[in-house]
Amino acid sequence: MEAIRLEFQPEIKEKVLQLLSTFSSDELRIIEEDSDFEEDKKRLKERADQITNGTAQYSTFEELNILLENTISKYED
């Protein structure tokens with residue numbers, strides 16, 4: 012299957028869904044988009060840009076382990 016993303020005005024949503032409902036589930040599936048999709052996309056693009064231009068900050072395994080231990084201990088109680 013192929014996938015496309017549609018953007019439309021809210022007032023035509025019913026018409027669009029009515030048209031799409033004429034297809035069988037074998038021909039077409041409607042997948043709701045994650046409400047945070049655009050925010051996640053922007054954040055990942057910024058991170059990729061940081062990696063590309065060399066400004067990304069990295070952590071050692073030991074630093075990540077300390078962060079993880081601190082986070083776990085904060086929520087253990």
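The C-terminal residue of the sequence shown carries number 88 in the working numbering, and the numbering is unbroken. Glycine is no exception: its CB is placed at the ideal position from the N, C-alpha and C atoms.
Shown here for L28: same chain residues with a beta carbon closer than 8 Å to its own, the five before and five after excluded, namely I41 in chain order. The C-alpha of L30 is placed about 34 Å away from the C-alpha of L55.
Assignment of Q20 by DSSP, reduced to helix, strand and coil, places it in the coil class. The three-state secondary structure of D37, taken from DSSP, is coil. In terms of CA proximity to R16, E43 leads the group E43, I62, Y69, L79.
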